[in-house]
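These notes concern the structure reproduced below.
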Amino acid sequence: MSKQVGENAVRVDAYDKVTGRAKYTDDLCDRGALVVKVCHSTIAHGFVKAIDTSEAEAVPGVVKVLTCFDVPDIEFPTAGHPWSTDPAHQDVADRKLLNRHVRYYGDDVAVVIAEDEVAAAQALRAIRVEYEELPFVLDAQEAMREGAPQIQERYKNNILAHSDVRRGNYETARQEPGLIKVEGWYDTPTVQHCHIENHGCFAYKEAGRVVVVSSTQIPHIVRRVVAQALGLPWGKVRIIKPYIGGGFGNKQDALYEPLCAWCSTQVGGRLVKLECSREETFVSNRVRHAIRTHIISYVRPDGTLVARKLEAFSNQGAYASHGHGVVAKGMNAFPQLYPCPNVECDSWTVYTNRPAAGAMRGYGIPQAMFAGESHIDDICKAIGMSPLEFRRKNLMPVGYVDGFSKNELYSDSFNQCMDKGMELLDYQRKYQAYQNQTGPVRRGVGLAVFWYNTAVWPISLESSSCRMVLNQDGSLQFQTGETEIGQGCDTAYSQMVADAVGIPLSDVHVVSTQDTDVTPFGTGAYASRQTYIGGFSIAQTAQALRERILNIAHEQTRMPVSNLDLVDGQIVRKSDGRILKSLGDLATESLYSLESSRHITAETTAQIKSNAYSFGCSFAEVEVDIPMCRVKLLRLVNVHDCGRLINPALAEAQVHGGMSMAIGYGLSEELKFDPKTGRVLNDNLLDYKLSTFLDHPALEAAFVENPEPTSPYGTKALGEPPACSPAPAIRNAILNATGVAIDSCPITPHILYRKFREAGLIQE
Amino acid sequence: MYDIKALYQAKSVADAVALRLAHPEAQIIAGGSDVLVQMREGKRAGAELISIQTLDEIRGVSMDDDGTIRIGSLTSFSHITWDPLIQKYINVLGQAVDQVGGPQIRNIGTIGGNTCNGVTSADSASTLHAWDAIIELTGPDGIRRQPIHDFYIRAGVVDIREGEIQTAILIPKESYENCFGHYIKYAMRSAMDIATLGTSVNVRLSADKKTVERARVAFGVAGPVPLRAVRAEELAAGQPVSLELAERFAQAVKEDINPRDSWRAAKDFRIHIAVESAKRAFIESVKLAGGDL
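The listed protein sequences correspond, in order, to chains A and B. Going by the numbering used here, the letters in the first sequence line up with residues 336 to 1099, in that order. Going by the numbering used here, the letters in the second sequence line up with residues 95 to 387, in that order.
Right under this line is the structure:
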């Protein structure tokens, strides 16, 4: 039997995408659609007292202007989490379609619906909003102080949530004589996903229902949120998700689908479209949580961790979105990654007047790894131990089982990944050679590992459904609720289907579009879950389809099922390997049979009650031009153990993308806020310094393949892990090069200038 | 979809001048890489435009009879970079404009637009200042020429008078002969960026390459408009070539520059980078001129 899993199959969407045939949301929207534009607040905090729309309504081409005084009095949650039937575990509902209580500079207060973009833009400029301004706060720790502006009425001191971890007795353990105390504060920035296709959607009414076509990662979840926001029965909403130009977690949230759907209902169900500009994408979609982390470690001189404390303050921004799950994930990784008998961890998620933070590739782990892995190198510096040796001694050992998730480290992933990365970069030799350099330009190497786990069980539901429909020629269509968002899951799934059913890859047709009216339920693309989770429902549905096929083969060939197999699209007699008939002949005969016509399909749901660790590391080599305050990244190597590779070429591409994102996180990207107004200063791709090809070295991806025993395909997370460890590896390489420990990212020339002056490397 | 009130297509320079007089409120558009961005942002929404895009008579690089290098205002950045005259006589200008934006912008963006914007960060501007460029304007009364230093009035404002359009940028022979220069664009990333600081230095050495006859240095983003650091230039003139001179020359630029504190970069940081860039660009220019350091 030919095996597709493990091969570099060409992406199933490659030709359509490179020739421009692939349809994205805007390609599908009728050109006659009305245009919706959102009026955003020009204050960071306060109340809308009045809105004068008269001038806007007078602009030729304007159909309607709606404001925060017109929307349904319904607060709804937006996070792209599976719904929980337990009210205690449901996402926080803290926003309306348009808001009178304005909570960040850029909040949504009104909309214009017009016949074209120019009329909409002219009307937008003509809207007059009168505010009652309130003080605002942009920093999480400041927002927790008594007397800070109250952003969400129900949350005292703006604390959305707090959680903790306690192991052993930190206070007692740290009293041990001879311990070395290492303490640090680490800051990570507010960044944005910068997917190439801005979020957009269009909506219309059909047969009394609302249809929304959207650039989203999570169509089934968005259906539920739109229904909740509009106060509709869930069955009255239909969501269609075509190809999308990336999401990285921003589109793992209901963004403007509810507002767009509501706008259609306000103009008699006419077709309306709402497309975000890049500026709106930066400010009024979602961002990554800026997290400030305080870590104290008590270490014996031999490198044994005795007691550790972590406090993390997560900047939620104005609305809960994904909320506390993000910082909690990072905090929970802390005691697992470097097990220590005495640990105290606390994390807070705090409302501020920044844009709402949601899901973003890595979901709290890039922040946690920047803090945690920077701190490990600070420990190494303090006790004079090599970063590699310290990690070998202290990282999670083989056989470790997490009590909550029951995740187990089955293989020696960390050491194997570090061995590979070390060898590729010649790390050991360079680490020694780069100690104690002098001169203006110096080189350094750095290492960081990462912790990640796959999917969301047992915190949330994990389930996936799959449908397969056999055609007369023996080819099939399959559908899942899991979404292609550019990462390549349609291709990986097609390879899995080919192997599981026993047909050639060319006979597998994926239905890429999700339409909640016809696509089986699945929660979508997030948590690096799809290859792992989707694999279960594909394997199970393929098994069901094979059983049906072989039963019909038995009827058609009179051979017992036990002696039949389906191999490469042929019905084979197992005892002698003879091909009895093709699957196409079987399907045709079955469908057109005058005795018992049957259309051959299968559909199943797989619930998954497991989860898998996915670990790896990054090695970086930098050249630091001290007088110019500039870091040149010479090499970056990522090594992953994500189990068995379904498609090595796509896996490598996935790693490259994550590394690229992490280079920006480490060196250049951050949203900047005007301290006087709370406005985002750099809401565009010129001033927001997304790194370019010229800022990248050749990206090097390597793998260690220990098949994951809980997965039918031996696979586990790879979507987010590549973005988790490069930033601290770069930071640690700068430490190796210059001896200067940077405590925040991005490590821009502005930061290096201050730090190099402090360290006496630059004199004025 | 752009909010454009009217578009007038100029058929010749004379026609452009007539259109300017007929529609004094209208904005000139050449490549569009700045004007259209501003219209999209709403800043020039509803504007009338006069397009000079098709006026080939002011496109291209040539040499006048007296040896002056003439760069037509509509010449795109990529054409400047690849032009043989530029490569032979003022290669640094080609290198500087090759760092504007990305390839698409360099194909549509023009040097005329770059200078008429009057912004301090323009990659062409510091080099044109350092090479004493002359701006040629054509108006109802004919041609008017003025040094680029005088063309820049203040941030975002240049000296274009009623009915005028900029038609060429001229580099006199005396300015470029035996001169070698180097431009350092200091930006937050290696492409698709605007300069945090731009430094353009050029030198002319004595025949034996031992002495600096003339050194010129100009900066972008070291003040509201591009500016020359004349005290550093005076200090270097006539001095023997040495690393120590490079250091003193660089330190002296602080006497003339005046960058501001902004959210994009702090003043002290910009000054630090200006000094370091001046030193490096001076050393590189001397090496290009055949000097030994």
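By construction, the Cβ of each residue, glycine as well, lies at the ideal position given by its N, Cα and C atoms.
Classified as buried, Asp443 of chain A has 16 or more neighbouring CB atoms from the shown chains inside 10 Å of its CB. For the segment 355–370 of chain B, the beta-carbon criterion of a distance under 8 Å to any beta-carbon of chain A is satisfied by Trp357, Arg358, Ala359, Ala360, Asp362, Phe363, His366, Ile367 and Glu370.
Note on Phe1028 of chain A: under 16 other CB atoms within 10 angstroms of its CB, so exposed under the neighbour-count rule.
Pairing Val340 of chain A with Tyr867 of chain A, the inter-Cα distance amounts to about 13 Å. Contacts with chain B (Cβ-Cβ distance below 9 Å) from the segment 848–877 of chain A involve no residue at all. Contact annotation: His534 of chain A and Lys586 of chain A have beta-carbon atoms nearer than 8 Å.
A check of alpha carbon separations from Pro670 of chain A across A:Ala691, A:Tyr686, A:Ser649 and A:Ile631 identifies A:Ile631 as the nearest. Per the coordinates, the alpha-carbon of Arg322 of chain B lies some 59 Å from the alpha-carbon of Ala790 of chain A.
Using a C-beta cut-off of 8 Å, the segment 934–953 of chain A makes contact with the segment 788–804 of chain A, since at least three inter-stretch Cβ pairs fall below that distance. Taking C-beta separations shorter than 7 Å and ignoring five residues to either side along the sequence, the partners of Asp499 of chain A in its chain run Cys680 and Asp681, following chain order. For Trp569 of chain A and Gly699 of chain A, the gap between their C-alpha atoms comes out near 31 Å. Here the alpha carbon of Leu495 of chain A sits roughly 59 Å from the alpha carbon of Asn296 of chain B. Secondary structure within the segment 378–444 of chain A: the beta strand (DSSP E) runs of 3 or more consecutive residues, fully enclosed, are 381–387 and 397–402 (chain order). Buried is the label assigned to Phe950 of chain A, since at least 16 other Cβ atoms lie within 10 Å of its Cβ. Residue environment analysis places Phe739 of chain A among the exposed positions, since fewer than 16 neighbouring C-beta atoms fall within 10 angstroms of its C-beta. Note on the segment 119–175 of chain B: whole beta strand (DSSP E) runs with a minimum of 3 residues are 121–123, 141–145, 155–157 and 163–166, in chain order.
Comparing alpha carbon positions, the residue from A:Gly870, A:Thr616 and A:Lys916 closest to Gln830 of chain A is A:Gly870.
Thr525 of chain A has its alpha-carbon roughly 13 Å from the corresponding atom of Arg1014 of chain A. Against Asp1030 of chain A, the close residues of chain B are Arg283, Ser284 and Ala285, in the order they occur along the chain (beta-carbon pairs closer than 9 Å).
With a contact defined as Cβ atoms closer than 8 Å, Pro320 of chain B and Thr214 of chain B qualify at about 6 Å. At a Cβ-Cβ threshold of 8 Å, Gly993 of chain A and Pro1057 of chain A count as neighbours. For Ile123 of chain B, no Cβ of chain A is located within less than 8 Å of the residue's own Cβ. Here the alpha carbon of Ser799 of chain A sits roughly 16 Å from the alpha carbon of Ala1052 of chain A. The shortest CA-to-CA distance from Ile448 of chain A to any of A:Met695, A:Val464, A:Pro1042 and A:Gly367 is the one to A:Gly367.
Straight through space, the alpha carbons of Ala219 of chain B and Ala383 of chain B are spaced by roughly 22 Å. Between the segment 455–470 of chain A and the segment 690–706 of chain A there are fewer than three C-beta pairs closer than 8 Å, too few to call the two in contact. Distance from the CA of Lys99 of chain B to the CA of Phe171 of chain B, rounded to the nearest whole angstrom, comes to 29 Å. Looking only at B:Ala301, B:Thr162, B:Lys105 and B:Arg308, the smallest Cα-Cα distance to Thr148 of chain B is reached by B:Lys105.
Taking C-beta atoms as the reference points, Thr818 of chain A and Lys576 of chain A count as a pair closer than 8 Å.
With respect to Thr826 of chain A, Gly857 of chain A sits apart: the two C-beta atoms are not nearer than 8 Å.
Look at Arg726 of chain A here: in three-state DSSP terms it is helix. Interface with chain B (8 Å Cβ-Cβ cutoff): Ala349 of chain A is excluded.
Within 9 Å of the CB of Ser1003 of chain A, the CB atoms of chain B belong to Met282 and Arg283, in sequence order along the chain. Per DSSP, the continuous alpha helix (DSSP H) segment holding Glu268 of chain B begins and ends at Lys267 to Tyr270. Contacts with chain B (Cβ-Cβ distance below 7 Å) from the segment 965–995 of chain A involve no residue at all. What Met133 of chain B touches in chain A, judged by beta-carbon distance under 9 Å, is nothing: the nearest beta carbon there is about 10 Å away.
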